[in-house]
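Engineer:
There are 2 protein chains.
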Amino acid sequence: MKAASTLKRFFPILEWGAAYNSRAFVSDITAAIIVTVMLIPQSLAYAMLADLPPEVGLYASMLPLVLYAIFGTGRALAVGPVAVISLMTAAAISHAAPGSGIGYVEAAMVLALLSGLMLLVMGLMRLGFLVNFLSHPVISGFIVASSILIAVSQFKYILGITSSGSTLIELIESLSAQIGKTNVPTLIIGTASMAALFSTRSRLKKMLLSIGVSETWAGPLAKGGPVAVVIITTLITAVWHLDQSGVPVVGQVPVGLPSVTVPHLDMALITHMASSAFLISLIGFVSSISVAQTLAAKRRQRVDPDQELVALGIANIGAGVTGGYPITGGFARSVVNFDAGAETPAAGAFTAIGIAVATIFLTPLLYFLPKATLAATIIVAVLSLIDGKVLLHTWRYSKRDFAATATTIVVTLIAGVELGLIAGVVLSIVLHLYRTSKPHCAIVGIVPGTEHFRNILRHNVLTNDTVLTLRVDESLYFANARFLEDKVYDLVSANKALKHVVLMCPAVNEIDASALESLEEINSRLKTSGVTFHLSEVKGPVMDRLERSSLLQHLTGKVFLSQYKAIEELAPDLARTAQAAE
Amino acid sequence: MKAASTLKRFFPILEWGAAYNSRAFVSDITAAIIVTVMLIPQSLAYAMLADLPPEVGLYASMLPLVLYAIFGTGRALAVGPVAVISLMTAAAISHAAPGSGIGYVEAAMVLALLSGLMLLVMGLMRLGFLVNFLSHPVISGFIVASSILIAVSQFKYILGITSSGSTLIELIESLSAQIGKTNVPTLIIGTASMAALFSTRSRLKKMLLSIGVSETWAGPLAKGGPVAVVIITTLITAVWHLDQSGVPVVGQVPVGLPSVTVPHLDMALITHMASSAFLISLIGFVSSISVAQTLAAKRRQRVDPDQELVALGIANIGAGVTGGYPITGGFARSVVNFDAGAETPAAGAFTAIGIAVATIFLTPLLYFLPKATLAATIIVAVLSLIDGKVLLHTWRYSKRDFAATATTIVVTLIAGVELGLIAGVVLSIVLHLYRTSKPHCAIVGIVPGTEHFRNILRHNVLTNDTVLTLRVDESLYFANARFLEDKVYDLVSANKALKHVVLMCPAVNEIDASALESLEEINSRLKTSGVTFHLSEVKGPVMDRLERSSLLQHLTGKVFLSQYKAIEELAPDLARTAQAAE
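Protein chains in written order, with the working numbering: chain Y, 1 to 582; chain B, 1001 to 1582.
#1: Does Y:GLN293 have its Cβ less than 8 Å from a Cβ in chain B?
#2: Sort out for me which residues DSSP pairs B:ALA1442 with in a bridge.
#3: Nearest to B:GLY1329 by CA position, among B:ILE1085, B:ALA1096 and B:ALA1515, is which residue?
#4: Please decide whether Y:SER514 counts as near chain B, where near means a Cβ-Cβ distance under 8 Å.
#5: Hey, would you say B:SER1135 sits closer than 8 Å to B:ALA1404, going by beta carbons?
#6: Give, in chain order, every residue of the stretch 1465 to 1484 of chain B whose Cβ lies closer than 9 Å to some Cβ of chain Y.
#7: Alpha carbon to alpha carbon, how far is B:TYR1059 from B:LEU1149?
#8: Shorter than 8 Å from the beta carbon of B:GLN1307 to some beta carbon of chain Y?
#9: Taking its Cβ as the centre, do 16 or more other Cβ atoms sit within 10 Å of Y:GLU547, making it buried, or is it exposed?
#10: What residue ranges within the stretch 256 to 300 of chain Y form continuous alpha helix (DSSP H) runs of no fewer than 4 residues, ordered along the chain?
#11: How would you write the range of the beta strand (DSSP E) that B:ARG1454 sits in, first residue to last?
#12: Let me confirm a value: Y:PHE11 is counted as buried when at least 16 other C-beta atoms fall within 10 Å, else exposed. Which label applies?
#13: Quick check: the Cα distance between Y:GLU170 and Y:ILE161, rounded to an integer number of angstroms?
#14: State yes or no: is the C-beta of Y:LEU124 within less than 8 Å of the C-beta of Y:ALA277?
#15: Could you give the uninterrupted runs of the beta strand (DSSP E) lying entirely in the stretch 1492 to 1573 of chain B, keeping only those of 3 residues or more?
#16: Skipping 5 residues on each side, what residues in its chain have a beta carbon closer than 6 Å to that of Y:MET88?
#17: Where Y:ILE409 and Y:ALA145 are concerned, what is the direct C-alpha to C-alpha distance, given to the nearest angstrom?
#18: Use the C-beta contact count for Y:ALA195: other C-beta atoms within 10 angstroms, 16 or more gives buried, fewer gives exposed.
#19: Since B:PRO1081 and B:SER1043 are thought to touch, with beta carbons under 8 Å apart, how far apart are those beta carbons, to the nearest angstrom?
#20: Going by DSSP in three states, Y:VAL121 sits in which element: helix, strand or coil?
#21: Evaluate contact between the stretch 106 to 122 of chain Y and the stretch 348 to 358 of chain Y, counting only Cβ atoms and requiring at least three cross-stretch pairs below 8 Å.
#22: Residues bridged to B:PRO1370 by DSSP?
#23: When the Cα atoms are used, what is the spatial distance from B:GLY1246 to B:TRP1240?
#24: With DSSP as the reference, label Y:THR585 as helix, strand or coil.
#25: What is the rounded straight-line gap between the Cα of B:LEU1117 and the Cα of B:ARG1023?
#26: With DSSP collapsed to three states, give me the class of Y:THR191.
#27: Between which residues of its own chain and Y:LEU65 is the CB-CB distance below 7 Å, once the five residues before and five after are set aside?
#28: Would Y:ALA423 pass as a contact of B:TYR1397 if the rule is Cβ separation under 8 Å?
#29: Exposed or buried, Y:VAL260, counting other C-beta atoms within 10 Å across all chains shown (16 or more means buried)?
#30: Quick one: Cα of B:GLY1224 to Cα of B:TRP1217, how far?
#31: Measure the beta-carbon distance from B:ILE1070 to B:ILE1013 and round it to whole angstroms, keeping in mind my assumption that it falls under 8 Å.
#32: Would Y:PHE350 pass as an interface residue toward chain B - the criterion being a Cβ-Cβ separation below 8 Å?
#33: To the nearest angstrom, how far is it from the Cα of Y:ILE189 to the Cα of Y:THR363?
#34: Report the rounded CA-to-CA distance for Y:TYR477 versus B:ARG1471, giving the unit in angstroms.
#35: Grab me the residues of B:THR1234's own chain with a C-beta within less than 6 Å of its C-beta, minus the 5 sequence neighbours each way, in chain order.
#36: Quick check on Y:ARG203: buried or exposed, where buried means 16 or more other Cβ atoms within 10 Å of its Cβ?
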């Protein structure tokens, strides 16, 4: 019984597969057809963005989808190449491949393999919490900055020129140096494609609804705008032989399926790309899990984050051994998949079959597809990710969180995607430690007529000169241990009449070894000053742990169950006065 | 008035100087004489440990002490060269100096200058919280490991051989390769010195007390053991001309005071040593401030951590421009200074004069001082820092904190001081984020006959199927935002009858932008599942901030002032049953 449930945990296909029926099959196959049509130009475009040949995008959309269907828990999640990961792949292979004598394609395969192994290990060791390092302000800043980088990097295809660079400055310098060589037919195709895509994105669905297409179909069909643009520009280019007028086209794409080959695992290359693979794994997982959870919630289904790590890990390993590059769950295509009625991950496997069929039979038709059209689909897709409102909201909500967003954006733009992410993560952690290093704490007094204690600065409460009660509203750990020492110490040196200090701990959820040391230190320093140190309202689990230390033996005072009991014993007059006050 | 108090903040000498009288003068000068005698062999020994000529240790004990007397707030703190910082200096200059064509002495000066500037900037910008990154388990692990490294590195002097290395393995390999060349007279002096130092350390004070020396004097005099050993071994070496039998001696020490010179500031060298200087600054400040606070507490005096950063910064800059190397407050000498009656930082300035006088008149007498004796004083001093009990206590108190200690020890021993510190700091932060990434939270129900709510797993409470209340006992921030999403989501998908989810927040001290996003996400996902989302018992400052976001407009439910009010409205039957139960 236990073995069966473990098996189902690792192979979710056993769970939904057992209940699979013809109704689900029809839904899944319908969704798969729509997603396939959408995924073909996307795969080509994202491969181009990753500086890889177009077929690599198609290969990354086959085996990984089948593997995710077996191991994934997101029922409607559609995996494959996505924009941000493609940009990160381009950056990773550009500084890894040249020196090592290894080609871009092989480097990308190694990257997928590494990233897949990392995700798999994280999933098996339940290290999913590592993605928590990517705070929301960092992710949103990163999406904005990388979208800008992506859009700018694709402009060379719209202009029909060659340029390069991985930071905003390099890209703009390179573009402006080459802009004189702009190819006019390419520019026309590119801008027309962008205009068409922008308008279909915003208006096609309404148009379809107005001509009587049902709501169920209008949404997915409207997402087919890019396909229409691809077909039209390909036909125009083919008919007028624009490739001979200097319009760069996709050209020959190898026909047939990829073979299974493990890339050459060069140790130097692996060391060089390990950090890139790690960042790609984190970003890939974060975007994928959030899409999966959003869609699952709509049907009250459950996504298992650890199993998702395993599934994405295996899918990426699949990409790495079949000539692909790193993949993850895509937002737009998953929504299309969901809206088109996909009920199980089988829809993904059917999509993979669709892509395979297309790779075998349709690639010759892609010969005349202009690169400018693909660039236009990328630019339109990523510009929708730049959401100024999110930045504004973060600014309004918290200047500190906004600082993390702004840093991520600026560093990503001027120093590239990897340094940008790292800078954002480091700053988030530093700011968090800074915030908790000065926890909210208050000197409290007793509310007359009650047994309650409140901040002396905000309430009309009673205190006396011999007992000082400090309430700390935060767990005590290494980042704030010293603050507490300083605080207690300042209060004691300012009040010569003091005999007792009580630390009131109702909001202390943890005391780590550093804070324990600080409490020992406070206790012994107060002892040398002739002041007794007490604790009150210590939570159960915290008390259990303190009993394993020697603090309680050294403590000059007591641990009181309630602050009122402390006052009753240490300042009976004060307790009486407070009760008489009612 | 305000200007005067600001002036006094930055020049604490104005505060205590105004009340200076002849009584304080006598106390300070007495303490200064004792500390001077103790500091001379220490300065020479620590300079040797830092791979620097002996006079550098003396120079580091002059101007820096005067500067600390002007700017420092620790009344009895004695600054100068210390063991751990000397070891870190040796590591920093060994990998910085050779390639650059710059000598060790100049590199050490640059290091002191850099470290001083960093401390000064940290003090002026009130960045003292940065030292919080060094958790107690990391510091204690670091002290243990660096003490072992120091003791092993000094063994070559006890044996009279030459060896090198900066990790335990390198040191041991180098020692065992050379052990055949041991110089017997040196070995005898070294081991006899160690034996003498160990026994005076443990028994001299008792002996002095038993022969009628008063308690006030016995303590400081017992600390003079090293001086006696220095004098005796120097005399023996001089009389029997043991330097001609291969006993390495201190030799010629330049007579006279150091001149003020700014070292050549080579940009490559600065870049290379910046991280070493930063780590030295942190470790130096942490050890110094804790000594200062411990001593100040005994007299109910106050130490200002930000001003201490300024003072140590200026003192280190002073060391950097007068041929010295990084310094900080030393534990042993400060205790001697305090016990000998030092009342103000003037004692430090008098010590500096003492060292200057010694440098002018006594250095010729140090010619025959065996290096083995200095090594013995270092070994005996650092071995007392290795405290197995601290490790045992940490192990017992928290396995997670122990992991940080153990990692710091192992990495320091096998990869050196800098990587050891960095590994410990990174692991502490990761473990902290891991711990808070899974905060304690409980589903709560109402206690019959009351308006209180308690954990359903621990108490006999009432609940119903349509309302679920989750209480989270931790601030919500990026490390646990996703956990909350997963948690709520699991609970909702497990209970199909659910209509309301209430998040009870009495222990939530902060909601950052990531957690806000998660709440928005939870709200909108629950909405698609037809479940209403409410908050209760949100603290004032947290609520103030939430009002600046759009969560409250999107919220499908309400924010209740108390959890009881939530139940009264969402499950009136349950509230009635609970009240009737009394």
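Where a beta carbon is used, it is the ideal one built from N, C-alpha and C, also for glycine. None of these values were measured; they are calculated from a predicted model.
Structural biologist: Looking at the coordinates:
#1: Yes, Y:GLN293 lies at the interface with chain B (some Cβ there is under 8 Å from its Cβ).
#2: B:ARG1471
#3: B:ILE1085
#4: yes
#5: yes
#6: Look at the stretch 1465 to 1484 of chain B: the residues with a C-beta under 9 Å from a C-beta of chain Y are ASP1473, GLU1474, SER1475, TYR1477, PHE1478, ALA1479, ASN1480, ALA1481, ARG1482 and PHE1483.
#7: 25 Å
#8: no
#9: Exposed is the call here.
#10: Whole alpha helix (DSSP H) segments, 4+ residues: 267 to 298.
#11: 1453 to 1455
#12: exposed
#13: 15 Å
#14: no
#15: 1500 to 1504 and 1532 to 1536
#16: ILE280 and VAL417
#17: So the alpha carbons of these two residues sit roughly 5 Å apart.
#18: Exposed, by the Cβ-count rule.
#19: 6 Å
#20: helix
#21: no
#22: B:VAL1249
#23: 12 Å
#24: Nothing can be reported for residue 585 of chain Y, as the shown portion of chain Y is limited to 1 through 582.
#25: 36 Å
#26: helix
#27: VAL79, GLY80, GLY348, ALA349, THR351 and ALA352
#28: No, they are not a contact pair.
#29: Answer is exposed; the Cβ neighbour count stays below 16.
#30: Our two residues, B:GLY1224 and B:TRP1217, have alpha carbons roughly 11 Å apart in a direct line.
#31: 5 Å
#32: no
#33: Each residue's Cα considered, the two are about 21 Å apart.
#34: So the alpha carbons of these two residues sit roughly 22 Å apart.
#35: Once the five neighbours on either side are set aside, the close Cβ partners of B:THR1234 are PHE1368 and LEU1369.
#36: exposed
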